[in-house]
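Visitor: Take a look at this one; I'll ask things after.
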DNA sequence: ACCTGAACACCGTTCAAGT
DNA sequence: ACCTGAACACCGTTCAAGT
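Residue numbers (my numbering), protein chains in the order written: chain A, 123 to 359; chain B, 123 to 359.
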């Protein structure tokens, strides 16, 4: 019996960092964070696991690059209108990206190449300037907005991941959280319990924008610089 | 040759969920997130990996429980003074917990038992009420503060993790980020570049509190309900 | 009821060897 | 310069078997 060549088709295009990242995004979208493995990736690209390491440093690098590619694609497509509208648009874009690609949340905070965060910071910051915020207040304003956007995004990503794992759709998931909240101890958790009803029916995107608007109001109202010159925060590190 | 019993000392106390979680926290503090493995844990507890599964569902459960234990311990020790001061204290406590236990960040968003988040939400929410915020505005106010606190915490945790991995102390780390920012393209990243100097010398805790204060100002300034009754957010999901 | 530890089905990463 | 794929050193989790 003559030894036949294996039935795998050989890839015609050569490997590249871009093609590897593109395949990674697809794998992540299809099967979630667990779906991205060097074996699955190399099979999809008809190569060996080692080949990938010629183009990519390690798995963290790969995940960050995938995240950055997806974020960059969305952020770059946002039209600049009024500062406030643009900030809302940037924030909502990120929200929607994570809604479509829940795995983006986990790589977002990475500052290896400091890419995804810096892209968002820059967009937000330019609008802070356009808003006429004083130079010395821009850092605080941009920081607060960034942290808020990041916080909502992380929470949203976690929710989506969990819902996916449990095979729940949005309303089933909200119902489950709402039910858990309403069963909390009434003495210890009065506030959270009072939010249970609202949790079930709220609209994440609307609430997200409401938070942005709240922070924008804070940015517009002048800080009470009189109080004691500089607030001293006691250190307990 | 008589078969001697193996030289491992047998544990005298029986296993329990609590002792497993305590050992996990210690392992995480000592060696970071990679340090927590069922093998390392079972060796430390003088048992087999399988024994742990009698008390703990899986690794996610274990990580969440460790996170919740650490958060609960800190949160519970906060004295209630004025609403604003208490909110600042809760926020700073979480900040400091993550500074000491950077791994807390990764398990924080988990809502499996919905524990760590709910603890913080409740504390913050009670102070929102004490602040006299109208019932219908409490959700937005608490949500904005929570997202902000979470966002800063996640970012801080990521920074600490990265600094630890690279063996950098705080000022070396800030210098590295600052240097990276000042080398960004001047046309594309004017805002981020302008922040490079400030990045090098800023105090995270002070900035953190400044952001809290900014959001509190937003909470105090009334939302312009007039505008168009309810803001309609176009969906592009 | 609780524990043991071998075994299973995976991982990321390396590296000698090929083209 | 770039690719191959076996091998290494790990993982989390399961489960028959023990006490």
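Glycine included, each C-beta is placed from N, C-alpha and C at the ideal position. Every value quoted in this text rests on a predicted model; they were computed, and no experiment measured them.
Taking only three categories from DSSP, how would you classify residue 270(A)?
Guide: Of the three classes helix, strand and coil, the one that applies to residue 270(A) here is helix, per DSSP.
Visitor: Specify whether the stretch 148-160 of chain B and the stretch 180-190 of chain B touch according to this definition: at least 3 beta carbon pairs, one from each stretch, less than 8 Å apart.
Guide: Short answer: they touch.
Visitor: Given a cut-off of 8 Å, decide if residue 340(A) and residue 271(B) are closer than it, judged by their beta-carbon atoms.
Guide: Going by C-beta atoms, residue 271(B) is not nearer than 8 Å to residue 340(A).
Visitor: From 330(B), 232(B), 344(B) and 293(B), pick the residue whose C-alpha is nearest to that of residue 212(B); which is it?
Guide: When only C-alpha atoms are compared, the closest one is 330(B).
Visitor: Which class does residue 132(A) belong to by DSSP, given the choice of helix, strand or coil?
Guide: The pLDDT assigned to residue 132(A) is 37, lower than 50, so where the model puts this residue is not dependable; a value taken from the coordinates is nonetheless given after this. In this structure, residue 132(A) counts as coil in the three-state DSSP scheme.
Visitor: Please report how far the alpha carbon of residue 163(A) lies from the alpha carbon of residue 177(A), in whole angstroms.
Guide: So the alpha carbons of these two residues sit roughly 13 Å apart.
Visitor: Helix, strand or coil, according to DSSP, for residue 311(B) in the structure here?
Guide: Here residue 311(B) sits in coil by DSSP.
Visitor: Does residue 199(A) get closer than 8 Å to chain B when you measure Cβ to Cβ?
Guide: With 8 Å as the cut-off, residue 199(A) does not count as an interface residue toward chain B.
Visitor: Given this structure, state the Cα-to-Cα distance separating residue 182(B) from residue 323(A), to the nearest angstrom.
Guide: Using only the alpha carbons, I get a separation of about 28 Å.
Visitor: First and last residue of the alpha helix (DSSP H) that includes residue 336(B)?
Guide: Per DSSP, residue 336(B) belongs to the alpha helix (DSSP H) from 326-342.
Visitor: Specify whether the stretch 230-245 of chain B and the stretch 263-280 of chain B touch according to this definition: at least 3 beta carbon pairs, one from each stretch, less than 8 Å apart.
Guide: The answer is yes - the stretch 263-280 of chain B touches the stretch 230-245 of chain B, with three or more Cβ pairs under 8 Å.
Visitor: Grab the span of the alpha helix (DSSP H) containing residue 222(A) for me, first residue to last.
Guide: Its alpha helix (DSSP H) spans residues 205-222.
Visitor: Under three-state DSSP, which class holds residue 242(B)?
Guide: Residue 242(B): helix per DSSP, three-state reduction.
Visitor: Counting only beta-carbon atoms, is residue 317(B) nearer than 8 Å to chain A?
Guide: So yes, residue 317(B) belongs to the interface.
Visitor: Residue 292(A) and residue 154(A): beta carbons closer than 8 Å?
Guide: Taking 8 Å as the Cβ cut-off, residue 292(A) and residue 154(A) do not qualify as a contacting pair.
Visitor: Does the distance from the CB of residue 236(B) to the CB of residue 202(A) come in under 8 Å?
Guide: Contact: no.
Visitor: Would you call the CB atoms of residue 255(B) and residue 266(B) closer than 8 Å?
Guide: Cβ distance not < 8 Å, so residue 255(B) and residue 266(B) don't count as in contact.
Visitor: For the alpha helix (DSSP H) that contains residue 116(B), what are its first and last residues?
Guide: Given that chain B is displayed from residue 123 to residue 359, the structure contains no residue 116(B) and the question cannot be resolved.
Visitor: As a quick exercise: from 278(B), 200(B) and 207(B), pick the residue whose alpha carbon is nearest that of residue 224(B).
Guide: Closest by alpha carbon: 278(B).
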